[in-house]
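Numbering (my numbering), first residue to last: 176 to 548.
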């Protein structure tokens, strides 16, 4: 079979497949959703492994340099395992520190809110009495309620409540199981990075043509470097934003400055979504203390966020990834709709690599067309 016949057969098969897929589009979407649910733990585990691998690789290089100077070089496997556990302990310590700062402040804020409401109840009651508030309408409304009929309706709706409760419990268990599998997969991937890399390299070179194998391996190298640059730049930007937010809160005499700075630094690792989360939580915390200060808190937060987006983010993260704000927003939107927060973080460096490869291919084609003309 010659190449033209193969090409014609391939085009025919692809065309028929697309036609059948369009006819059964709902079934195709259901199959795609089922497939995403099946591979979601693997994808989430791979993304978590990429997260762990970035600081772990840098730490492993530092340990090799340190032991090389001491002239006591342990095996590479030992250094790899040591760097993994140090990285894991560091991540856990950061999370524990954040929770240690956040939870007591939240408990304190809710307790303060309770005390304020309790102390203001007599004042509110006295105000209503002074205004000669007529509460007779409330008593008339309560007397007109058919409690027996209301109880019958409540009993009839128990089945729906139970179904919704079972669905909520099932969804929660599904999330916990998926997260557990993703965490286990990320640990295995992080510990077996070198062996898995060699196996993947062997399979790619064995089953693909040399040109295609070289292109795929180059894509993987570019993506790994782009993801490392993105994560490094995002963490640096998060620290800068957290410090700026804590400083701004102290300057404008807003409460919870250190807590808001820590919360902002943690949430800023997530592009776009993290800023919204930290803003809502910060305004809510200040609102519990003084409602008038909440407006000032919102203005200060948005002002610092604007300065950071205009002057800091493009220089810190934009240069490290090489992606324009428009493409960054599109990548975050697509990744977030597909895989949530992890998809946002994963798709930004992926889009940067794809755009870089498309630019190189376009330049190559333009040069070829120029030489032909």
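All residues carry an ideal CB built from backbone N, CA and C; glycine is no exception. Everything numeric in this text was worked out from a predicted model, so none of it was measured.
Under a three-way DSSP split, which group does residue 182 fall into?
Note: residue 182 maps to helix in three-state DSSP.
Are residue 461 and residue 500 close, meaning C-beta to C-beta below 8 Å?
Cβ distance not < 8 Å, so residue 461 and residue 500 don't count as in contact.
Quick check: the Cα distance between residue 328 and residue 292, rounded to an integer number of angstroms?
Distance between the alpha carbons of residue 328 and residue 292 is about 34 Å.
What separation, rounded to the nearest whole angstrom, lies between the Cα atoms of residue 367 and residue 509?
Going by the C-alpha atoms only, they are around 30 Å apart.
Comparing C-alpha positions only, which one of 455, 482 and 480 sits nearest to residue 469?
Closest by alpha carbon: 455.
According to DSSP, simplified to helix, strand and coil, what is residue 289?
Three-state DSSP puts residue 289 in a helix.
My output table needs one value for residue 340: the three-state DSSP class, helix, strand or coil.
The answer is helix: DSSP assigns residue 340 an H, G or I state.
Just to confirm the assignment, what range does the alpha helix (DSSP H) spanning residue 209 have?
Segment 200-245, the alpha helix (DSSP H) holding residue 209.
Out of 214, 179 and 224, which has the shortest C-alpha to C-alpha gap to residue 399?
That would be 224, whose Cα lies nearest to the Cα of residue 399.
Under 8 Å, do residue 259 and residue 433 count as touching if we go by C-beta distance?
Going by C-beta atoms, residue 259 is not nearer than 8 Å to residue 433.
Between 520, 363, 183 and 348, which has its C-alpha nearest residue 402's C-alpha?
Ranking 520, 363, 183 and 348 by Cα distance to residue 402 puts 520 first.
What's the C-alpha gap between residue 522 and residue 537?
Whole-angstrom Cα-Cα distance: 22 Å.
Taking the straight line between their C-alpha atoms, what separation do you get for residue 186 and residue 544?
One C-alpha to the other measures close to 26 Å.
In its own chain, which residues sit with a C-beta less than 6 Å from the C-beta of residue 506, not counting the 5 before and 5 after it?
These residues qualify, in order along the chain: 522, 523 and 526.
Going by the beta-carbon positions, is the gap between residue 414 and residue 424 smaller than 8 Å?
No; because the gap between Cβ atoms is not below 8 Å, this pair is not in contact.
Which residue comes first and which comes last in the alpha helix (DSSP H) that contains residue 421?
Residues 385-426.
Could you give the C-beta distance for residue 219 and residue 353, rounded to a whole number, given that I count them as a contact under 8 Å?
So it is a contact: roughly 7 Å between Cβ atoms.
When the Cα atoms are used, what is the spatial distance from residue 351 to residue 214?
If I take the Cα positions, the gap works out to 15 Å.
Can you give me the C-alpha to C-alpha distance between residue 246 and residue 236, rounded to a whole angstrom?
Answer to the nearest angstrom: the Cα atoms are 15 Å apart.
What is the residue span of the alpha helix (DSSP H) that residue 430 lies within?
Note, residue 430: premise wrong, no alpha helix (DSSP H); not H, not E.
Are the Cβ atoms of residue 261 and residue 234 separated by less than 8 Å?
Yes; because the gap between Cβ atoms is below 8 Å, this pair is in contact.
Spatial neighbours of residue 453 within its chain, please: CB distance less than 6 Å, with the 5 preceding and 5 following residues excluded, ordered by chain position.
Only 438, 439 and 442 meet the Cβ criterion.
Nearest to residue 360 by CA position, among 528, 197 and 216, is which residue?
The option with the nearest alpha carbon to residue 360 is 216.
Is the beta carbon of residue 256 closer than 8 Å to that of residue 239?
Cβ distance not < 8 Å, so residue 239 and residue 256 don't count as in contact.
Relative to the alpha-carbon of residue 532, which residue among 471, 540, 511 and 394 has its alpha-carbon at the smallest distance?
It is 394.
Is residue 407 closer than 8 Å to residue 229 when the C-beta atoms are compared?
Yes. Within cutoff.
What is the DSSP secondary structure of residue 465, counted as helix, strand or coil?
Residue 465: coil per DSSP, three-state reduction.
What residue from 183, 370, 348 and 289 has the CA that sits closest to residue 463's CA?
When each option's Cα is compared against that of residue 463, the closest is 289.
At the level of alpha carbons, what is the spacing between residue 428 and residue 419?
Each residue's Cα considered, the two are about 14 Å apart.
Rounded to a whole number of angstroms, what is the C-alpha to C-alpha distance between residue 511 and residue 392?
Between residue 511 and residue 392, the C-alpha separation is close to 27 Å.
Under the three-state reduction of DSSP, which class applies to residue 279: helix, strand or coil?
Three-state result, residue 279: helix.
Since I believe residue 516 is in contact with residue 412 (beta carbons under 8 Å), could you give me their beta-carbon distance rounded to a whole number of angstroms?
With a Cβ gap of about 17 Å, residue 412 and residue 516 do not count as contacting.
From residue 372 to residue 232, what distance separates their C-alpha atoms?
Taking the straight line joining both Cα atoms gives about 14 Å.
What would DSSP say about residue 502, mapped onto helix, strand or coil?
Three-state result, residue 502: helix.
Are the CB atoms of residue 369 and residue 416 within a distance shorter than 8 Å?
The answer is no: Cβ separation not under 8 Å.
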